[in-house]
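Under numbering that gives the first Met the number 0, the first residue of the sequence shown carries the number 0, and numbering increases by one thereafter. I have placed the structure first, in the form of structure tokens, so that the comments after it can refer back to it.
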Amino acid sequence: MQTTIWVTALACALMAGIYLAFSSFVMSSLAVLPRVQGIAAMQSINRVILSSSFMVLFFASTVASLGLGVWGVVRWGVPGSSYLVTGGLLYVLGMFVCTAAFNVPLNDGLDALDPTSTSAAEVWTTYLRDWTRYNHLRTVFSAAASVVFVAAAWVAR
């Protein structure tokens with residue numbers, strides 16, 4: 000079980016790092032490009048990411064976090080169990096649900112956008128602001144889950 004907790008903590012930390020990169024410089028780099036180029040670049044990122052190793056990490060970390068959270072409920076009272084539940088909730092709600100409820104719909108809307116349309120400038124400005132705001136949340140919750148899973152491993156050793 001220790002290995003699973005440590006690997007899940009690492010996976011959550013890797014996800015936090017990916018999200019941090021987007022929040023720190025990728026989105027601002029896209030924002031300074033001419034609108035048509037910025038939109039096209041993000042549309043490309045959103046399409047390519049779906050068939051990348053990112054998706055394996057995304058789903059594996061979610062399943063592992065959910066599993067550890069359930070394991071913590073089943074073994075409630077055992078040292079570290081409350082940390083497992085907390086880490087699982089932080090990650091599944093703060094990262095996965097946030098992604099599904101906010102970032103993915105924004106990506107879908109952007110994918111349908113013609114970068115040369117008259118509404119593209121307003122849509123792009125709103126997209127950059129909102130997508131990045133939700134990405135900040137995913138960054139924080141992924142990092143927090145990683146820290147809590149490390150605490151779980153430490154307490155349960």
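For glycine and all other residues, C-beta sits at the position ideal for the given N, C-alpha and C. These numbers were taken from a predicted model, which means no experiment stands behind them.
| Query | Result |
| --- | --- |
| For Gly71 and Cys11, the rounded distance between their alpha carbons | 17 Å |
| Sequence-distant residues of its chain with Cβ nearer than 8 Å to Val147 (five each side left out) | Tyr82, Thr85, Gly86, Leu89 |
| Whole runs of the alpha helix (DSSP H) within the region 7-52, excluding any shorter than 4 residues | 26-31, 34-47 |
| Proximity winner among Trp75, Ala120, Trp123, Asn134, relative to Ala99 (alpha-carbon distances) | Asn134 |
| Close beta carbons around Ala59, own chain, < 8 Å, minus the five adjacent residues each side | Ala10 |
| Collapsed DSSP secondary structure at Pro242 in the structure displayed | Limits of the chain in this structure are 0 at one end and 156 at the other, which puts residue 242 out of reach. |
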